[in-house]
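Asks: Take this structure, written in structure tokens, and hold onto it; I'll ask about it next.
Protein chains in written order, with our numbering: chain A, 207 to 485; chain B, 207 to 485.
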């Protein structure tokens, strides 16, 4: 038996097509294109590549982007001021602060300078609480993308045991809250979990979101389980021992081509939604 | 074998004594007493009793209180305006909106009118996210009280499996986040959980916070586990089948005299902290 692959590339294309249509409709009725401001601090090559890719995807679906580039020496106060200016700018619909920021910057303070209505990357405390409480707001993009991918395959969540490995503010914690809102029984595992293998063995849905190559062994996977690999590691290796897990899982995301494309698609969809809401 | 009782009454007295000392010090240095505004909407007798009790406890530790009483016909807009006025009032340090509010009122909108720096009951989205992310802020009082009670008995949490039954915005969800911040492996269970008994059997720490009398059967409790009963039900019955659970548990909270006194003590302590911070 081999698992059904959860094809994030294909599902993201549907979402991107719908987003492009909405962006065009917005532009036609408002006379301006939805606009994402990207904020990059410093010279990290990977961060620069991510921002470039996101701006390129914006262009493809008819979303404008505005690049704000700040030197690595930028202080927290300067970064907060720059983001606050974008929050107040009526021609900016969404704001993306590429992270991580340099170590001397208070990343949380910078995130919190993003107006909730422009937090299309879902990084603010307001957005997190909105996800947890089922209030209106934007999703963190990777968690939102994971839920959309599961939904595209009509995978049931109610009453299922979901294990989330990782507890970061923009990935592990919010994806657990979104799964809980969908009536899954959710367990958060992390580096201090005593027996990760046992927790995974009990899970109907596993979300690996910790950034440790092949941490989740294939033999731990419950037969028929849904395995979502949200790990980013060098060499296109995820957090799951993919081939072995695919032998047992019912559904599994590939790396790349699983969660990654969904993340960007949600960012763009939310940017258009922010524009629509602000009109 | 019988469980050690987690004596919330005794532990709360220590906290109340310390709070009284801080309130007196604040009054001596600032020339005014820390002040809690209580907001009561409508005529629910239980809610009225709770508010009266909280104001009485305030008086005992040297905290002033200001009672705002509004008719059951109060609209969301009127309630938000009243709370916003308290948020802006420099003589008010903390704000408690007694809940539930009447069904026609948007409770979330009312909560969000509380300034984060005065949210001594820990009900705002900001406070929730702060608990989840380990940022500065106030705890929801019952979750904060539970953690303080466990700490008073030096009960270890790191790596332990904790099961939280219930997912309300002011109890289940935040207590899970606080346990996660203390490195427990946290599982959220709820009404749609397929096998609650199985989940409880695996738990080193059980927090029952759902408001269903004796939902948690004594025979489910893992020998030696820590059992926290945060249920409020008529007749002083908690969410745990107490006598049977106490036979198996290592530590257990009584009802009453467990979580309840800790909840009020945290409310008062946080009111003094708000006053100190606002000085």
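Glycine residues also receive a C-beta, built at the ideal position from the N, C-alpha and C atoms.
This one's a predicted model, so the numbers in the text were calculated from it and none came from an experiment.
Would you be able to state if there are at least three C-beta pairs under 8 Å between the region 232-246 of chain B and the region 444-459 of chain B?
Replies: no
Asks: Please report the Cβ distance between residue 279/B and residue 319/B, rounded to the nearest whole angstrom; I am assuming they are in contact, meaning their Cβ atoms lie under 8 Å.
Replies: Here residue 279/B corresponds to residue number 73 of the second chain, with the count starting at 1. Here residue 319/B corresponds to residue number 113 of the second chain, with the count starting at 1. The beta-carbon distance between residue 279/B and residue 319/B, rounded to whole angstroms, is 18 Å. This is too long to meet the 8 Å contact definition.
Asks: Starting from the Cα of residue 356/B, find the closest Cα among 231/B, 465/B, 239/B and give me that residue.
Replies: As a working note, residue 356/B is residue 150 in the second chain. Here the closest residue by C-alpha is 465/B.
Asks: Are residue 488/A and residue 359/A close, meaning C-beta to C-beta below 9 Å?
Replies: Since the first residue shown for chain A is 207 and the last is 485, residue 488/A is missing from the structure and cannot be characterised.
Asks: Answer yes or no: do residue 285/B and residue 244/B have a C-beta to C-beta separation smaller than 9 Å?
Replies: Looking up residue 285/B in the second chain gives position 79. Looking up residue 244/B in the second chain gives position 38. Against a cut-off of 9 Å, the Cβ pair of residue 244/B and residue 285/B comes out as no contact.
Asks: Could you tell me which chain A residues have their CB closer than 8 Å to the CB of residue 423/B, listed as they occur along the chain?
Replies: Sequence index remark: in the second chain, residue 423/B carries index 217 (1-based). Correct list: empty, because the minimum Cβ distance to chain A is about 18 Å.
Asks: Show which residues of chain A have a CB atom less than 7 Å away from the CB atom of residue 379/B.
Replies: To locate residue 379/B, count along the second chain from 1; it is residue 173. What residue 379/B touches in chain A: 338.
Asks: Does the beta carbon of residue 306/B sit closer than 9 Å to a beta carbon anywhere in chain A?
Replies: By one-based count along the second chain, residue 306/B stands at place 100. Chain A contact via Cβ: absent.
Asks: Any heavy atom of the ligand SAM closer than 8 Å to the beta-carbon of residue 316/A?
Replies: Of the ligands one can find in the structure shown there are none, so the ligand SAM has no counterpart to examine.
Asks: Ignoring anything shorter than 3 residues or poking outside the region 224-291 of chain B, list the beta strand (DSSP E) runs there in chain order.
Replies: 241-247, 270-276
Asks: Rounding to the nearest angstrom, what Cα-Cα distance links residue 351/B and residue 469/B in this structure?
Replies: Stepping through the second chain from its first residue, residue 351/B is reached at position 145. Stepping through the second chain from its first residue, residue 469/B is reached at position 263. Taking the straight line joining both Cα atoms gives about 5 Å.
Asks: For chain A, is any of its Cβ atoms less than 9 Å away from the one on residue 362/B?
Replies: Within the second chain, residue 362/B is the residue found at index 156, counting from 1. With 9 Å as the cut-off, residue 362/B does not count as an interface residue toward chain A.
Asks: So the beta strand (DSSP E) residue 368/B belongs to, where does it begin and stop?
Replies: Looking up residue 368/B in the second chain gives position 162. Its beta strand (DSSP E) spans residues 367-371.
Asks: Let me know the secondary structure DSSP gives residue 465/B once reduced to three states.
Replies: As a working mapping, residue 465/B is identified with position 259 in the second chain. Here residue 465/B sits in helix by DSSP.
Asks: Find the nearest neighbour of residue 175/B within the set 414/B, 269/B, 391/B, judged by alpha-carbon distance.
Replies: Nothing in the structure corresponds to residue 175/B, since chain B is present only between 207 and 485.
Asks: So, residue 403/A versus residue 435/A, is the Cβ gap smaller than 9 Å?
Replies: One-based indexing of the first chain puts residue 403/A at position 197. One-based indexing of the first chain puts residue 435/A at position 229. Their beta carbons are not under 9 Å apart, which means residue 403/A does not touch residue 435/A by this criterion.
Asks: Find the residues of chain A that neighbour residue 395/B, judging by a C-beta separation of less than 7 Å, and give them in chain order.
Replies: For the purposes of this step, residue 395/B is taken as residue 189 along the second chain, with counting starting at 1. Simply 391.
Asks: Could you compute how far the alpha carbon of residue 474/A sits from the alpha carbon of residue 210/B?
Replies: Here residue 474/A is taken as the residue at index 268 of the first chain, counted from 1. Here residue 210/B is taken as the residue at index 4 of the second chain, counted from 1. Distance between the alpha carbons of residue 474/A and residue 210/B is about 55 Å.
Asks: Helix, strand or coil for residue 215/A? Go by DSSP, reduced to three states.
Replies: To locate residue 215/A, count along the first chain from 1; it is residue 9. In the structure shown, residue 215/A sits in a helix (DSSP, three-state: H, G or I).
Asks: If residue 428/A and residue 398/A are in contact, beta carbons under 8 Å, what's the gap, nearest whole angstrom?
Replies: Sequence index remark: in the first chain, residue 428/A carries index 222 (1-based). Sequence index remark: in the first chain, residue 398/A carries index 192 (1-based). So it is not a contact: roughly 23 Å between Cβ atoms.
Asks: Are three or more beta carbon pairs between the region 311-330 of chain A and the region 365-373 of chain A nearer than 8 Å?
Replies: no
Asks: Using a Cβ cut-off of 9 Å, pull out every chain A residue sitting near residue 310/B, in sequence order please.
Replies: Taking the second chain and counting its residues from 1, one reaches residue 310/B at position 104. Here the premise fails: no neighbours, minimum Cβ distance about 19 Å.
Asks: Under the DSSP definition of a beta bridge, which residues are partnered with residue 414/B?
Replies: The residue you call residue 414/B lines up with position 208 of the second chain. DSSP lists 371/B, 435/B as partners of residue 414/B.
Asks: Return helix, strand or coil for residue 459/A, following the three-state DSSP convention.
Replies: Position 253 of the first chain holds residue 459/A. If DSSP states are grouped into helix, strand and coil, residue 459/A belongs with coil.
Asks: Does DSSP put residue 477/A in a helix, in a strand, or in coil?
Replies: As a working mapping, residue 477/A is identified with position 271 in the first chain. In this structure, residue 477/A counts as helix in the three-state DSSP scheme.
Asks: On the DSSP letters alone, give me the boundaries of the alpha helix (DSSP H) that residue 351/A sits inside.
Replies: Within the first chain, residue 351/A is the residue found at index 145, counting from 1. Where residue 351/A is concerned, the enclosing alpha helix (DSSP H) stretches over 347-358.
Asks: Do you know how far the Cα of residue 247/B is from the Cα of residue 216/B?
Replies: Position 10 of the second chain, counting from 1, holds the residue named residue 216/B. Position 41 of the second chain, counting from 1, holds the residue named residue 247/B. Their Cα atoms are separated by approximately 32 Å.
Asks: Can you tell me which of the three DSSP states residue 421/B falls into?
Replies: Against the second chain, residue 421/B aligns to sequence position 215. Here residue 421/B sits in coil by DSSP.
Asks: At which residues does the alpha helix (DSSP H) containing residue 441/B begin and terminate?
Replies: Taking the first residue of the second chain as position 1, residue 441/B is located at position 235. Residue 441/B -> no alpha helix (DSSP H), and no H or E assigned at all.
Asks: Below 8 Å on the Cβ atoms is my contact criterion, and I expect residue 417/A with residue 432/A to pass it. Report the Cβ-Cβ distance as a whole number of Å.
Replies: To locate residue 417/A, count along the first chain from 1; it is residue 211. To locate residue 432/A, count along the first chain from 1; it is residue 226. Between residue 432/A and residue 417/A the Cβ distance is about 20 Å, and since that is not below 8 Å, they are no contact.
Asks: Say whether chain A places a C-beta atom closer than 9 Å to the C-beta of residue 189/B.
Replies: In this structure chain B extends from 207 to 485, so residue 189/B is not present and cannot be described.
Asks: Using a C-beta to C-beta distance shorter than 7 Å, which residues of chain B count as neighbours of residue 365/A?
Replies: Numbered from its first residue, the first chain carries residue 365/A at position 159. In chain order: 398, 399, 400.
Asks: Listing by chain order, which chain A residues have their CB less than 7 Å from the CB of residue 386/B?
Replies: The residue given as residue 386/B occupies position 180 in the second chain. Residues of chain A passing the Cβ test: 373, 394.
Asks: According to DSSP, what are the bridge partners of residue 392/A?
Replies: The sequence position of residue 392/A within the first chain is 186, counting from 1. In the DSSP output, where bridge partners are listed per residue, residue 392/A has 368/A, 394/B.
Asks: Identify each residue in the region 231-265 of chain B for which the Cβ-Cβ distance to at least one residue of chain A is less than 8 Å, and report them in chain order.
Replies: none
Asks: Applying a beta-carbon distance threshold of less than 8 Å, which residues of chain A neighbour residue 405/B?
Replies: Your numbering for residue 405/B matches position 199 in the second chain. The contacting residues are 391.
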